[in-house]
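Numbering (the working numbering), first residue to last: 715 to 1142.
Even for Gly, the Cβ is constructed at its ideal location relative to N, Cα and C.
Written below as structure tokens is the structure these notes are about.
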Ligand code: GDP
Ligand code: IMO
Ligand code: MG
């Protein structure tokens, strides 16, 4: 039985939450492997909406064990408020497990994330301000705080003190802020220790054993390929690896155990925060996509930037992640256009690029070369079989499939769990 990875192929918010929830009905474990509460994943079941930041979307499915892998960074306050919220709505989060090696987001990293953005002014990245970047930087700098440190008070205090020795200098001298008291930070972290303790596991042993027993494990990415620290539009990216390789490093499961890599792709494109976006529409059409697609961030409420589908990006994501399947979402939002442009290549200062340009400077200059596809006007939200879609909608899906070089195995025609056309099973 398989290890299945679900990743975003664009700049996030493709509908990974819905895809994970839906696949979760056929799996035993759903593991989040990267990111933190910068993510916002929406699941709609019987008209009821759930928004997750830290909890894996599989938490809503009975029988699924949700796991937070070592690659995730955890804001403990957010974690427990999310657990309380879904518990108060009658859902069960008691099976949640957390890797002992995951890092926690100390409150000073939230302060530093926001202070750095303000300091950068017009050069800011547009982060979510949740302390994600500074916490991953601490991990790489080897001054991070891990979940397991909550169980050794003297080590924890020592680590917080040595991190703040450096950071208080930055806060007071450069950012002109007040210094942060290390013992107050340590006390706050320690206050969560006994609630966290029963959830803590060796994530790698747990998941490898599950796979040995023939169980199905779904690896759920936060963010997306173009926000990947290595493969995205650096520096306008997040600080983790949301691409398929991150599923291995972020959980302790080897690549030979992954059978499928499913890329979630919106029928058009959106992006939140700063950075290049060749197909962005800064006009009424962009406004229309935003309004009809409800394109406002789940985490920060920011309006998402909107544009046409960029097949160069999808093809790139197919390569970087080794995609076996695509799930296309929000096809219903494209209903009602006479023609729908799809970007098939870029013009970079007079030179045609069919693949991603080599350098960021070139990507910043990339102008989309569009192919015009005929649109459809019929309401497709009730369609459940591919053959029942209007012919032009079928052609749109097939053309993107062809341009990406990966089959589109499922198509979303609405936000609800049931509003999906399945063409190929994703977990066999
Ligand atoms: P994620 O971060 O990738 O999980 O995506 P988000 O939840 O941030 O954003 C996706 C939005 O699209 C959510 O509001 C979903 O409920 C919604 N959604 C997902 N799939 C579909 C679809 O096929 N059609 C429509 N109309 N909405 C969808
Ligand atoms: P999901 O999982 C969309 C963006 C931020 C910013 C950049 C860096 O819902 O798809 P960070 O706080 O991570 O340091 O911000 O990354 N970003 C997202 N954009 N969806 C997300 O998650 C995102 N997570 C981070 O807007 O541009
Ligand atoms: Mg989101």
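- CA nearest to the CA of residue 787, picked from 1048, 1054, 719 and 965: 965
- Query: In angstroms, rounded to a whole number, what distance separates the CA positions of residue 809 and residue 1094?
  - Reply: 37 Å
- Whether residue 954 touches residue 960 by CB criterion (8 Å): yes
- Task: For residue 684, count neighbouring Cβ atoms within 10 angstroms of its own Cβ and tell me buried if that reaches 16, exposed if not.
- Result: Because the chain here runs from 715 to 1142, residue 684 falls outside it and cannot be looked at.
- Item | Beta-carbon spacing of residue 976, residue 733 below 8 Å | yes
- Starting from residue 743, follow the beta strand (DSSP E) in both directions and report where the run begins and ends. 743-746
- Message: Does residue 722 pass the burial test, meaning 16 or more other C-beta atoms within 10 Å, or should it be called exposed?
- Response: buried
- Reference residue 985, options 1011, 779 and 978, closest by Cα: 1011
- Residues that residue 1060 bridges to, as DSSP identifies them: 1067 and 1082
- Task: Could you tell me the boundaries of the beta strand (DSSP E) in which residue 1039 lies?
- Result: 1039-1043
- Message: Between 792, 1023, 893 and 871, which has its C-alpha nearest residue 910's C-alpha?
- Response: 792
- Report the option in 779, 982, 1049 and 1006 whose CA atom is closest to the CA atom of residue 1026. 982
- Please find out if some non-hydrogen atom of ligand 1 comes closer than 7 Å to the beta-carbon of residue 1051. no
- Message: Between which residues of its own chain and residue 862 is the CB-CB distance below 8 Å, once the five residues before and five after are set aside?
- Response: 814, 815 and 914
- Message: If contact is defined by three or more beta carbon pairs under 8 Å, each pair taking one atom from either stretch, is the stretch 831-846 in contact with the stretch 771-785?
- Response: no
- Message: As a quick exercise: from 1081, 1121 and 1034, pick the residue whose alpha carbon is nearest that of residue 994.
- Response: 1081
- Candidates 742, 963, 766 and 759, of which the one nearest residue 727 by Cα: 766
- Query: Cβ of residue 727 within 7 Å of any heavy atom in ligand 3?
  - Reply: yes
- Message: Taking 8 Å as the limit between beta carbons, can you name the residues of its chain near residue 880, skipping five residues before and five after?
- Response: 857
- Enumerate in chain order the residues of its own chain whose CB-to-CB distance from residue 1110 is below 6 Å, with the five nearest sequence positions on each side excluded. 1087
- Going by the C-beta, is residue 936 closer than 7 Å to any heavy atom of ligand 2? yes
- Alpha carbon to alpha carbon, how far is residue 972 from residue 945? 20 Å
- Message: Suppose only complete runs of 3+ residues qualify. What are the beta strand (DSSP E) ranges in the stretch 982-1058, listed by chain order?
- Response: 983-985, 1019-1021 and 1039-1043
- Item | residue 910 (DSSP reduced to helix, strand or coil) | helix
- Message: I want to check one thing, is the minimum distance from the CB of residue 1035 to the heavy atoms of ligand 2 below 7 Å?
- Response: no
- Message: So for residue 839, helix, strand or coil by DSSP?
- Response: coil
- Query: How many angstroms separate the CA atom of residue 1141 from the CA atom of residue 884?
  - Reply: 49 Å
- Message: To the nearest angstrom, how far is the alpha carbon of residue 1104 from that of residue 1135?
- Response: 13 Å
- Query: Can you tell me the Cα-Cα spacing of residue 852 and residue 943, whole angstroms?
  - Reply: 15 Å
- Same chain, Cβ closer than 7 Å to residue 807, five either side skipped, listed in chain order: 769, 773, 797, 800 and 801
- Message: Taking 7 Å as the limit between beta carbons, can you name the residues of its chain near residue 1091, skipping five residues before and five after?
- Response: 1049 and 1050
- Would you report the Cα separation of residue 899 and residue 822, rounded to the nearest angstrom? 8 Å
- Item | Euclidean distance between Cα positions of residue 968 and residue 887 | 44 Å
- Query: Is it true that the CB of residue 812 sits closer than 8 Å to the CB of residue 782?
  - Reply: yes
- Give the DSSP-derived three-state secondary structure of residue 1124 in the structure shown. strand
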